[in-house]
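Structure first, commentary second.
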Amino acid sequence: MERRRVGTSGLRVSELGLGTMTWGRDTDEIDAAEQVRDFLDAGGTLLDTAASYADGDAERVIGTLLSGKVARHELVLTTKAGIRSESRSDGPGRVVDASRGALLDSLDESLARMGTDHVDLFLVACPDPNTSLEETVGALRIAVTSGRARYVGLSNHPGWATARAATLLEPDVGLAAVELEYSLLQRGVERDVLPAAEALGVGLLAWSPLGRGVLTGKYRRAIPADSRAAGALAGFVQPYLEGSASAVVEAVATAAEGLGRTPGEVAVAWLLERDGIAAAILGARTPAQLRSSLEAATLELPYEVHAALDDVSAPVIGYPERW
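Numbered according to the working numbering, the sequence shown spans residues 72 to 394.
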């Protein structure tokens with residue numbers, strides 16, 4: 072698997088990253104360990120998690136793996152902070168808090184759960200309308216200067232925030248990465264974030280490169296009973312089951328059939344060939360799903376196929392929902 076530089080920073084990551092959003096919830100420790108073994112065997116290094124994933128249980132699973140099954144130096148470990156769960160009178164909810172205290176407390180708790188003294192990349196999960204960007208960026212500076220994080224970045228922030236944060240962190244710390252949704256079904260990042268990131272030397276990590284699972288083609292005929300769209304994440308998947316998305320999915324399936332590959336491999340390969348992409352983060356519930364997606368690293372799309380997919384997936388569908 073190719074190693075790529077994250078923007079102009081010194082951080083290098085595998086072109087495919089392993090996401091852990093399902094760990095500790097739908098993916099148990101045994102399957103997580105198998106995923107990591109397959110990922111490392113394929114040349115992967117980038118492991119992406121967050122304090123909010125399964126209310127910290129994803130990080131606890133990572134901590135268990137790092138306690139003996141996986142060597143810390145084999146992984147480029149990324150975590151995110153700024154969202155926490157909170158009990159309310161109307162049920163459990165999520166609170167956005169990117170204040171200095173909340174971010175640094177969350178980072179310390181993440182390090183404790185994973186049993187490590189630092190992460191390689193620390194990201195702010197989403198914008199906080201109640202905290203100034205200056206305060207949020209100040210916490211990122213402390214994370215680096217205190218040794219808790221080697222590099223820092225933003226997730227799900229607009230282009231202007233990326234530019235402002237990069238300016239505030241110069242010249243000593245720098246903004247290494249931005250992490251946003253990017254796929255053939257979600258090209259809103261191309262409007263302003265991607266151009267800003269490229270101009271500033273910031274690398275882009277793309278989450279949900281399979282269009283929330285829709286680009287695998289599994290929803291072409293029906294909604295499988297064991298799929299995300301049939302469960303608690305139905306609202307997350309539903310926007311990509313409507314309108315012009317179906318034409319994109321059919322085009323990917325047609326290309327895959329012609330190339331003798333899977334639709335998922337084609338969709339990820341298209342993304343990896345886009346300018347400015349440091350890595351595409353794969354989220355797999357099972358080891359089998361991950362093994363299938365990892366094959367995308369071996370596929371180079373013919374120019375005609377890439378151009379056709381560009382054409383059918385434009386214009387941009389829109390920005391991701393606000394968290």
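No residue lacks a Cβ here, since even glycine has one placed at the ideal position from N, Cα and C. Computed from a predicted structure; not experimentally measured.
(request) Leaving out five residues on either side along the sequence, give the residues of the same chain with a beta carbon under 7 Å from the beta carbon of Ile-213. (result) Leu-175
(message) Given this structure, state the Cα-to-Cα distance separating Trp-278 from Leu-380, to the nearest angstrom.
(response) 19 Å
(request) Please report how far the alpha carbon of Val-166 lies from the alpha carbon of Glu-328, in whole angstroms. (result) 44 Å
(request) Starting from Arg-83, trace the beta strand (DSSP E) both ways and give me its first and last residue. (result) 83–85
(message) Applying the 10 Å Cβ sphere with the 16-neighbour rule, what's the burial state of Ala-378?
(response) exposed
(request) Starting from the Cα of Leu-136, find the closest Cα among Asp-99, Ala-122, Ala-169 and give me that residue. (result) Asp-99
(message) Using C-beta distances below 8 Å, list every residue in its chain close to Glu-157, excluding the 5 sequence neighbours before and after it, in chain order.
(response) Pro-163, Gly-164, Arg-165, Val-166
(request) Name the one or two DSSP bridge partners that Val-147 has. (result) Leu-117
(message) Using a 10 Å radius around the Cβ and a threshold of 16 neighbouring Cβ atoms, would you call Lys-151 buried or exposed?
(response) buried
(request) Answer with buried or exposed for Gly-172, where buried requires no fewer than 16 other C-beta atoms within 10 angstroms of its C-beta. (result) exposed
(message) What residue range does the beta strand (DSSP E) around Ala-277 cover?
(response) 274–278
(message) For Leu-271, count the other beta carbons within 10 Å of its own beta carbon; 16 or more makes it buried, fewer makes it exposed. Which is it?
(response) buried
(message) Distance cutoff 8 Å, beta carbons only. Does Leu-361 sit that close to anything in chain C?
(response) Note that chain C does not occur in the displayed structure, where there is just one protein chain.
(request) Could you have a look at Glu-252 and say whether DSSP puts it in helix, strand or coil? (result) strand
(message) Assuming contact is defined by CB atoms lying nearer than 8 Å, are Ala-338 and Leu-286 in contact in what I supplied?
(response) yes
(message) Buried or exposed, going by whether 16 or more other CB atoms sit within 10 Å of the CB of Trp-341?
(response) buried
(message) Taking the beta carbon of Gly-81 as the centre, do at least 16 other beta carbons fall within 10 Å, making it buried, or is it exposed?
(response) exposed
(message) Classify Arg-155: buried if its beta carbon has 16 or more other beta carbons within 10 angstroms, exposed otherwise.
(response) buried
(request) Excluding the 5 residues preceding and the 5 following Ala-232 in the sequence, name in chain order all residues of the same chain whose CB lies nearer than 7 Å to its CB. (result) Pro-198, Leu-204, Leu-225
(message) Measuring only the C-alpha atoms, how far is Arg-76 from Leu-240?
(response) 19 Å
(message) Using the Cβ count rule (16 or more neighbours within 10 Å means buried), how would you classify Tyr-374?
(response) exposed
(message) Can you check which of these residues, Glu-336, Ala-210, Leu-372, Ser-384, is closest to Ser-363 by C-alpha distance?
(response) Glu-336
(request) Pair every Cβ in the region 180–190 with every Cβ in the region 252–264, then say whether three or more of these pairs are closer than 8 Å. (result) no
(request) Below 8 Å on the Cβ atoms is my guess for Val-84 versus Ala-350; work out the distance and round it to an integer in Å. (result) 5 Å
(message) So, with DSSP's three-state summary, where would you put Val-308?
(response) helix
(request) Quick one: using the 10 Å Cβ neighbour count with 16 as the cut-off for buried, is Ser-217 buried or exposed? (result) exposed
(request) Give a yes or no on whether the C-beta atoms belonging to Val-264 and Leu-281 are separated by under 8 Å. (result) no
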